[in-house]
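Keeping their order, the protein sequence lines are chains U and R.
In case it helps, UniProt numbering puts the first sequence at residues 1 to 295.
In case it helps, UniProt numbering puts the second sequence at residues 1 to 237.
All C-beta atoms, glycine included, are put in the ideal place defined by N, C-alpha and C.
Report on the following structure.
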Amino acid sequence: MGIMDQFLQQLINGISLGSIYALIALGYTMVYGIIKLINFAHGDIYMVGAYIGFFCITVMNWPVLPALLVSMLLTGILGMLIERFAYRPLRSAPRISVLITAIGVSFFLEYTMMYFVTPQPRTFPSILDDAAYHIGPFVINNQQIMIFAITIILMAILTYIVQYTKVGKAMRAVSFDNETAQLMGINSNRIISVTFGIGSALAAAAGVLVGIYYNSIDPLMGIMPGLKAFVAAVLGGIGILPGAAAGGIILGIIEALVSGFISSTFRDAAAFAILILVLLFKPTGLLGKNTNEKV
Amino acid sequence: MAIMLKMDDVNVFYGAIHAIKGINLEVDQGEIVTLIGANGAGKSTTLRTISGLLKPKTGTITFEDKIISGQPAHKIVEFGISQVPEGRRIFANMTVMENLELGAYVRTDKNGIKEDLKRVFKHFPRLAERKKQEAGTLSGGEQQMLAMGRALMSSPRLLLLDEPSMGLAPLLIKEIFEIIKDINKAGTTILLVEQNANMALSIANRAYVLETGKITLSGSAKELSNSEDVRKAYLGG
Ligand SMILES: Nc1ncnc2c1ncn2[C@@H]1O[C@H](COP(=O)(O)OP(=O)(O)O)[C@@H](O)[C@H]1O
Ligand SMILES: [Mg+2]
C-alpha cells in the first residue's frame, strides 16, 4: 500500500473515530454551555447507552435502528434523572462541589453497572456484514458508512432543534444568560433538564455505534472516550456546538494518523498533548472568540 | 384608580446584607411611577424581587389582587409583569428577531404575537431595519430599544424598567423617554427605576425616593421635583 493510500485510509478511520468523539463531545459542550459544569460522568453515560443498545440487540433481538432509538431514549432519561437528583440540588453551591459530585456519579455508574453486568467485556454481535467498498482511492466498510450516516443525521437534527425550535432558542438563551432567560418566562430548570436529556441521548448513540464498530463493550469503556471527548470539546471551544463536532473529527483524524504513521502507543499521548497546546495557545478553542461587551 | 401592584413591608437580604428594609410601594393601573435613588440604594433589588429573581424574606407583593411573592421568575411573566433589566442584558449572540421571539416565549397566540411585533417595530423602527442582525452588533441605544421591545413582546400590563438611560447620550435618553411615554399612553403601566431623577420625574405621575433600602420620600412627581431635599440630593441643587 502506498503512503498516500495509507494516509487516505487513516483519514477514513479517523473520521469514524472522530464522529464518535464528536457525538460525545456535543453533550459535554451543551452541558458546559448551560450550567458551566464539566460533567465527568458523561463518558459513563455513553457506556450505559452502549449496554442498553447491546441488550436490545442481543436479548431482544432488535435491529440496529430501534435499539439505537431506545438506547437514546432511556439514556436521555437517565441523564435527566442524574441532573435532577445529583446536580440540581447543588445549583447555587460552589463549582467545585458540583465537579466532585460529577466524579461521584461517574464512579456510581461504572460500579453499579459492573454489579449488574460483571466487569467482563461483552462482545457485540456483528450485525452488518463486513463488506467494504472502494470509492476512488478510499476503502470504506459498512460500519463506517453507518457511523457517518447516523452522526450526520443526528447532527442535522440537533442543529435544527437548537437553531429553529422554541426549546432550542430557550437553550441558547439560558446558556447565554440564565437570569435574563427567566425574565422571558423560560423555566430554566426545565431547559437544563432537556439539555441533559439531549446530550445523554447523543452519547448513547455514540455508545451503540462504538459497540458495533469495535465489537466490544465493558463498564469502564467510557473513561477514555469521555476524556477524549472533553479534549475535543476544549479543542473546538467549550460551549460551542460546531466546535465540539469539529474538535471531535479533528481529534479522531490526528489519533488515526499518529497510530498509522508513528505508533498506536502514542495515540492517547497525542490527544492530551493537543489539550495542553490548546490550553497554552488558544484556551478559547478553535472556534472560540473573546466576547467583549458593548455599551 | 385601581391598585395594580402593591409591595407590603417587603424585606430582602443578600446573605447577611439587608438590602431592602420594609418597603411599601404602590403602582396604580395606568400610571408611570418612578423609583429614584443613588447607586446602591436598592432600586434594582426591588425590581428583581418583583420579578421573582429574588425572594423577599418577609412581606408580600400583590399584583392585580394575586399574591405573586414566592412565585418563580418565569411564572411572574405569565402574570403580566415584564422587566427591562439594568444593563439591557440582550442575548447578544442571537439576532434581533430571535431576541424579540424570546420576549414572547410564554405566549401561544400567534396573531397576538404578530400584532405586538408590529407595535414594537412602530415604537422602534430601527429594530425593524436590523431584524436579522446579531444583537451584539447593535449600538448601545439600539440595544436599549431591543431590550424594551423584547419586554413588550410578552404583552405585559406592568413594565418594569431598570435605568434605561444608563450609558446613553442625552439625545438618545430623550428619545427613549418619549417612547416610554408612548408605551404608557398605549395602556401599559410603568414602574421606572432611575438615577437620572430629572428625566424620570419629568415623565412620571408619582415617585418614591429610595435611600439605603428604605423609602424616605414619596409623592407626586411634581411635588418631589419641587422638594428642597430632592433637589439637593438628586437634581443637582
Ligand atoms: N448579588 C449581590 N450580593 C450581595 N449584595 C448585593 C448584591 N447585589 C446588590 N447587592 C447590594 O445590595 C445593595 C442594593 O443594590 P442594588 O439594588 O443593585 O442598588 P441600585 O440598583 O439602587 O444601585 C447594595 O448595597 C449592593 O451592594
Ligand atoms: Mg441598579
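**Asked** Does the pairing of the region 182-198 of chain R with the region 18-37 of chain R give three or more beta-carbon distances under 8 Å?
**Response** Judged by Cβ distances under 8 Å, the region 182-198 of chain R makes contact with the region 18-37 of chain R, as three or more pairs qualify.
**Asked** At least one CB of chain R closer than 9 Å to the CB of residue 114 (chain U): is that the case?
**Response** No, residue 114 (chain U) lies away from the interface with chain R (no Cβ there is under 9 Å from its Cβ).
**Request:** Since I believe residue 176 (chain U) is in contact with residue 31 (chain U) (beta carbons under 8 Å), could you give me their beta-carbon distance rounded to a whole number of angstroms?
**Result:** With a contact defined as Cβ atoms closer than 8 Å, residue 31 (chain U) and residue 176 (chain U) miss out at about 15 Å.
**Prompt:** Is residue 39 (chain R) near ligand 2, in the sense that its beta carbon is under 8 Å from a heavy atom of that ligand?
**Reply:** Remark: the shortest separation between the CB of residue 39 (chain R) and any heavy atom of ligand 2 falls under 8 Å.
**Prompt:** Any residues in the region 91-114 of chain R with a beta carbon nearer than 8 Å to a beta carbon of chain U? Which ones, in chain order?
**Reply:** Those would be 91, 92, 93, 94, 98, 101, 102, 103, 105, 106, in chain order.
**Asked** The alpha helix (DSSP H) with residue 14 (chain R) in it runs from where to where?
**Response** Under the DSSP assignment, residue 14 (chain R) falls outside any alpha helix (DSSP H), being part of the beta strand (DSSP E) whose first and last residues are 3-14.
**Asked** Based on Cα-Cα distance, which residue from U:67, U:102, U:223 lies nearest to residue 36 (chain U)?
**Response** Looking from the CA of residue 36 (chain U), the closest CA among U:67, U:102, U:223 belongs to U:102.
**Request:** Flag this pair as yes or no: are the beta carbons of residue 26 (chain R) and residue 6 (chain R) separated by less than 9 Å?
**Result:** Result yes, Cβ atoms of residue 26 (chain R) and residue 6 (chain R) sit closer than 9 Å.
**Message:** On the criterion of 16 or more Cβ atoms from any shown chain inside 10 Å, does residue 160 (chain R) qualify as buried, or is it exposed?
**Reply:** By the neighbour-count rule (16 or more Cβ atoms within 10 Å), residue 160 (chain R) is buried.
**Message:** Quick check: residue 83 (chain R) and residue 183 (chain U), are their CB atoms within less than 9 Å of each other?
**Reply:** Yes, they are a contact pair.
**Item:** Segments assigned alpha helix (DSSP H), at least 4 residues, entirely inside the region 215-251 of chain U
**Value:** Whole alpha helix (DSSP H) segments, 4+ residues: 223-236.
**Message:** So if I threshold CB-CB distances at 7 Å, which residues from the region 63-80 of chain R count as touching chain U?
**Reply:** Taking 7 Å as the upper bound on Cβ-Cβ separation, chain U lies near residues 73, 74, 77, 78 of the region 63-80 of chain R.
**Message:** Please report the distance separating the alpha-carbon of residue 291 (chain U) from that of residue 63 (chain U).
**Reply:** For residue 291 (chain U), the pLDDT reaches just 49, beneath the cut-off of 50, and the residue's location in the model is therefore unreliable, although a value from the coordinates is still provided. A straight line joining the alpha-carbon of residue 291 (chain U) with that of residue 63 (chain U) spans about 47 Å.
**Message:** Taking the straight line between their C-alpha atoms, what separation do you get for residue 10 (chain R) and residue 226 (chain R)?
**Reply:** Between residue 10 (chain R) and residue 226 (chain R), the C-alpha separation is close to 28 Å.
**Asked** Around the Cβ of residue 134 (chain U), are there at least 16 other Cβ atoms within 10 angstroms (buried) or fewer (exposed)?
**Response** Exposed, by the Cβ-count rule.
**Request:** Report the rounded CA-to-CA distance for residue 206 (chain U) versus residue 9 (chain U), giving the unit in angstroms.
**Result:** Rounded to whole angstroms, residue 206 (chain U) and residue 9 (chain U) show a C-alpha spacing of 21 Å.
**Asked** What in chain U is Cβ-close to residue 83 (chain R), meaning under 7 Å?
**Response** Near residue 83 (chain R) (Cβ distances below 7 Å), the residues of chain U are 183.
**residue 293 (chain U) burial status per 10 Å Cβ neighbour count (16 or more: buried)** = Any reading at residue 293 (chain U) is ruled out, since the residue's pLDDT is 37, under 50, leaving its predicted position unreliable.
**Request:** Determine, using beta carbons only, whether residue 235 (chain U) and residue 286 (chain U) come nearer to each other than 9 Å.
**Result:** Contact flag set, yes.
**Request:** Determine the burial state of residue 6 (chain U): buried for a count of at least 16 other Cβ atoms within 10 Å of its Cβ, exposed for fewer.
**Result:** Exposed.
**Asked** Per DSSP, what kind of secondary structure is residue 48 (chain R) in: helix, strand or coil?
**Response** Here residue 48 (chain R) sits in helix by DSSP.
**Request:** Note down the Cα distance separating residue 93 (chain U) from residue 67 (chain R), rounded to an integer number of angstroms.
**Result:** As the crow flies, the alpha-carbon of residue 93 (chain U) is around 29 Å from that of residue 67 (chain R).
**Asked** Taking one C-beta from the region 87-94 of chain R and one from the region 116-136 of chain R each time, how about it: are there three or more such pairs within less than 8 Å?
**Response** As far as the Cβ criterion goes, the region 87-94 of chain R touches the region 116-136 of chain R, which means the pair count is three or higher.
**Request:** Can you check the region 15-103 of chain U for any alpha helix (DSSP H) of at least 4 residues that lies completely inside it and give the ranges in chain order?
**Result:** The qualifying runs are 42-58, 64-82.
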